[in-house]
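**Q**
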Amino acid sequence: MKVVERVAELRERCESARRSGARVGLVPTMGYFHDGHRSLMHAARGRDDLVVVTLFVNPTQFGPNEDLSAYPRDLDADVAAATAAGVDVLFTPSVEEMYPGGPPRTTVHVAELTEGMCGAARPTHFDGVTTVVAKLFSVVGPSRAYFGRKDYQQLAVVRRMAQDLNLPVEVIGCPLVREPDGLAMSSRNAYLTADERAVAPALFAALVDAVDVVRAGERDARAVECVVHDAVARRPQFALEYVELRDATSLEPRTRVDGEVVLAVAGRIGRARLIDNVVIQVADGRVDADLGVKVGAEEVLDA
Ligand code: AMP
């Protein structure tokens, strides 16, 4: 695996691969790799000729009072993990390399899908994400780009950006990977104390309770959100930020559970801000839920 720090070198490697007929797969990340990241790398390795993983803790997607300086980093471990996953190129630019002219004067804004949910507490976050992802698409020229369903709103926003701007890249959503006790894997889980870590799976448990209520016949979106709200409220360690049931593609708010919807939740516990979601499909009275996959398990949870 080649570690590349310069935009020009990354562009040249990707261009030369494409000239010889290779298809390039891109996995954008902020590093501190866990099995969620590994699953994206494996998905790309299984389909693409040149697998490029980018590791960049992008300052423009952090708000002024967020955890940019504290964000966990371990480059040596990440190089080892990406090598083991069969990655071809790991791109680790500096902030100056990515933004040589200082903060960008040109940004990509996806309207509506960025409003509410995580966009409410993090009003500048998604513009930072879409702008850096557009830059990476421009440099790498991937045929496919892989994103986790853990960051569900991000995936929907990036998909919409690619559609609206006719970007020649297939945006692929990969399953949400969980710890054995259900906690969604996240680099930010490193912030949790032992006590907080013990309580954190309550977020997933609350989503499972909500799915059970839908299976039992509940179709009122507010009632389903209340199940999550009440379950999390029983844990005083959690400061719930939002619970929202929305259309799975457009992210428009829904009053009824029908078709394909996403039930998404965010909350703070200690220093960590945790997010989680389940996708629920209701068709002809049948309820299917995508709860993600547990690490090490072959089977998709309850699909
Ligand atoms: P991050 O490094 O946290 O910015 O994440 C980089 C990519 O990995 C994003 O597409 C995330 O959605 C994805 N990812 C992070 N955690 C998980 C997870 N637990 N399961 C699946 N994908 C994930």
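Counting from 1306, one number per residue, gives the positions in the sequence shown under my numbering.
Glycine included, C-beta positions come from ideal geometry on N, C-alpha and C.
1. Note down the Cα distance separating Asp1383 from Val1309, rounded to an integer number of angstroms.
2. Are the Cβ atoms of Gln1458 and Cys1423 separated by less than 8 angstroms?
3. With a Cβ-Cβ cutoff of 8 angstroms, do Val1282 and Val1358 count as a contact?
4. Taking three-plus beta-carbon pairs below 8 angstroms as touching, is the region 1324-1344 in contact with the region 1410-1418?
5. Report the residue from Cys1319, Ser1374, Ala1389 and Tyr1376 whose alpha carbon sits nearest the alpha carbon of Leu1355.
6. Can you tell me the Cβ-Cβ gap for Leu1315 and Leu1360, rounded? I've got them flagged as a contact below 8 angstroms.
7. Per DSSP, Thr1334 is paired with what?
8. Within 8 angstroms, do at least three Cβ pairs link the region 1555-1572 to the region 1521-1532?
9. With 16 other CB atoms within 10 Å as the buried threshold, where does Thr1419 fall?
10. Using beta-carbon positions only, say whether Glu1530 and Glu1546 come within less than 8 angstroms of one another.
11. For the alpha helix (DSSP H) containing Phe1431, name the first residue and the last one.
12. Taking C-alpha atoms, which residue in Gly1453, Val1532, Met1466 and Leu1508 lies nearest to Val1519?
13. Is Ala1489 near ligand 1, judged by its Cβ being under 7 angstroms from some heavy atom?
14. From what residue to what residue does the beta strand (DSSP E) around Tyr1451 run?
15. Tell whether a beta-carbon distance below 8 angstroms holds between Gly1351 and His1430.
16. Which word fits Gly1406, buried or exposed, when buried means at least 16 other C-beta atoms lie within 10 angstroms of its C-beta?
17. Whole angstroms is fine: what's the gap from Gly1597's alpha carbon to Ala1511's?
18. If you draw a straight line from the alpha carbon of Val1312 to that of Pro1447, how long is it in whole angstroms?
19. Using the three-state DSSP reduction, which class does Tyr1547 fall into: helix, strand or coil?
20. Looking at Val1570 and Val1587, is the spacing between their C-beta atoms short of 8 angstroms?
21. Less than 8 angstroms between the C-beta atoms of Val1362 and Leu1345, yes or no?
22. Are the beta-carbon atoms belonging to Gly1572 and Glu1501 less than 8 angstroms from one another?
**A** If we stick to the structure as given:
1. 14 angstroms
2. yes
3. Not covered by the structure: residue 1282. The range shown for the chain is 1306 to 1608.
4. no
5. Cys1319
6. Not really, about 12 angstroms apart at Cβ, beyond 8 angstroms.
7. Leu1360
8. yes
9. buried
10. no
11. His1430 to Val1445
12. Val1532
13. yes
14. Arg1449 to Gly1453
15. no
16. exposed
17. 15 angstroms
18. 15 angstroms
19. strand
20. no
21. no
22. no
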